[in-house]
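A.B. asks: Dropping a structure here in structure tokens format, bear with me for questions.
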Amino acid sequence: MLEPWWEEGHNPSSYFWIMPVKQAKDENSGDWGCYCCTEEQISIEEDIVASYLYQQFLKPNFDKNIEYTCRKKEFGKETIEFDWYGYNLYTYDTVRKMAIQMKKYAESNALSEKAVQFYETLSDRLLLMIEREPNWDFISFEGQ
10 MLEPWWEEGH NPSSYFWIMP VKQAKDENSG DWGCYCCTEE QISIEEDIVA
60 SYLYQQFLKP NFDKNIEYTC RKKEFGKETI EFDWYGYNLY TYDTVRKMAI
110 QMKKYAESNA LSEKAVQFYE TLSDRLLLMI EREPNWDFIS FEGQ
């Protein structure tokens, strides 16, 4: 199985960019309706997101009721789903909850040392991101 890792900053390859964001009041302002705090950005390769984060944390904690100005709802009034190629917004409370879940998951499963370290360091980094930027609205997991 692919060994998990994440990196500080912006990697323009096929990565998820994780950072604090604020939504504009309409989708025509800012960066597609989102202002991003790129100083606090981390990047995770999309295969690692698929293998280590999506099923366990991102999918079950995805809030379909968040109104998005960061991306347009396609197909009329259908529910917004997790987007592998766009913004996926998680409230700070949800990210705190996922960080706790990651640590418990790392403790309670037979994982490689590298996987345990990945979950522990990533959960700490997400919490640090929130601590450093308390006035933003969400943490975005933006797929590319």
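Number 153 marks the last residue of the sequence shown (the numbering used here); no jumps. Every residue, glycine too, gets a C-beta built ideally from N, C-alpha and C. All values derive from a computational prediction rather than experimental measurement.
1) Tell me the rounded alpha-carbon separation between M28 and M138.
2) Output yes if chain C places a C-beta closer than 8 Å to the C-beta of S23; else output no.
3) If you follow the alpha helix (DSSP H) that Y128 is in, where does it begin and where does it stop?
4) Excluding the 5 residues flanking Y61 on each side, which residues of the same chain have their C-beta closer than 6 Å to its C-beta?
5) For K112, which residues in the same chain have their Cβ closer than 6 Å to its Cβ, ignoring the five residues on either side in sequence?
6) Taking 6 Å as the limit between beta carbons, can you name the residues of its chain near T103, skipping five residues before and five after?
7) Between V58, Q32, W26 and A33, which has its C-alpha nearest T47's C-alpha?
8) Could you give the residue range of the alpha helix (DSSP H) that holds K73?
9) Which residue comes first and which comes last in the beta strand (DSSP E) that contains E151?
C.D. replies: Checking against the coordinates, here is how it stands:
1) Between M28 and M138, the alpha-carbon positions lie close to 8 Å from each other.
2) The question asks about chain C, but that chain is absent: this structure has only one protein chain.
3) Membership of Y128 in the alpha helix (DSSP H) is indicated by the continuous run E122 to R141.
4) Excluding sequence positions up to five before and after Y61, its CB lies within less than 6 Å of the CB of P13, all in the same chain and listed in chain order.
5) Hits under 6 Å: S132.
6) Apart from sequence neighbours up to five positions away, the residues of its chain that approach T103 with a beta-carbon distance below 6 Å are N70, ordered along the chain.
7) Taking only the C-alpha atoms, the option nearest T47 is W26.
8) If you look at K73, you'll find it isn't in any alpha helix (DSSP H); DSSP assigns it neither H nor E.
9) Looking at the DSSP string, the run of the beta strand (DSSP E) that includes E151 is F147 to E151.
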